[in-house]
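Below: the structure, in structure tokens.
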Amino acid sequence: NGRDYFFLSSGINAEYGQEYLVKRIQELASGSCLGCFRWESGGKHKNSPWNKELPTDSQIVVQSIATYLDSHLPRNPMFPEGRTFTTQYFVQTPSKVDNKKREYAFYQSSIHPPHFKLLVGDEVWEVSKGRNNLFHSLLLFLYYLREHQHGMLGPVNLGPTGLNMLWIIS
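Using the working numbering, the first residue of the sequence shown is number 64, and each one after it goes up by one.
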């Protein structure tokens, strides 16, 4: 819906607008296993090859997940935009990392090429670079939540009685 598109596009350069995002999400969703996923680039736009003005497929996937989690976490009065996950648990470069404000976070340290890490207290948990970095980082994030936060992301259970996302790492 329009609210979800607004949240999804707010983390992505919206210059190319809804048209590119919708088309690319449809392409990524077709087939199986994100077969056309290009971690450091994306698809064509109006018959032109992908360029760095467009979001990478990694950026589209992570923003889709962030939008999903934003829609399931209760609103926090400290974050009136209604984007609790994005503002509390997701840090994107060039934002400065302030570990004193958060116990843990999913961290995008580089846009081109995309690179993701996990912040835990004063530590940065590095994940191998490349095509699978986003997915390995997400798995590590879920593992951390299961093992150190009792399967909770803030007040939301990620286990079978909640969003049921932890089965991915069982």
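Even glycine gets a Cβ: it sits at the ideal position worked out from N, Cα and C.
The structure displayed is predicted, hence computed values, not measured ones.
Counting along the chain, the unbroken alpha helix (DSSP H) around Q126 starts and ends at D120 to H135. Taking the CA atoms as reference points, G184 sits about 12 Å from F169. In the three-state DSSP reduction, Y207 falls in the helix class (H, G or I).
Less than 7 Å separates the beta-carbon of I232 from that of Y206. Where Q151 is concerned, the enclosing alpha helix (DSSP H) starts and stops at T147 to Q151. If you ignore the 5 residues before and after F148, its C-beta comes within less than 7 Å of the C-beta of A129, L132, D133 and L136, all in its own chain and listed in chain order. Look at N110 here: in three-state DSSP terms it is coil, with no helix or strand label. In this structure, L203 places its C-beta atom within 7 Å of the C-beta atom of L181. Look at S158 here: in three-state DSSP terms it is coil, with no helix or strand label. DSSP, reduced to helix, strand and coil, places F100 outside both helices and strands of the structure shown, so it counts as coil. A straight-line Cα-Cα distance of about 8 Å links S173 and Q155.
For W102, the number of other beta carbons within 10 angstroms of its own is at least 16, and it is reported as buried.
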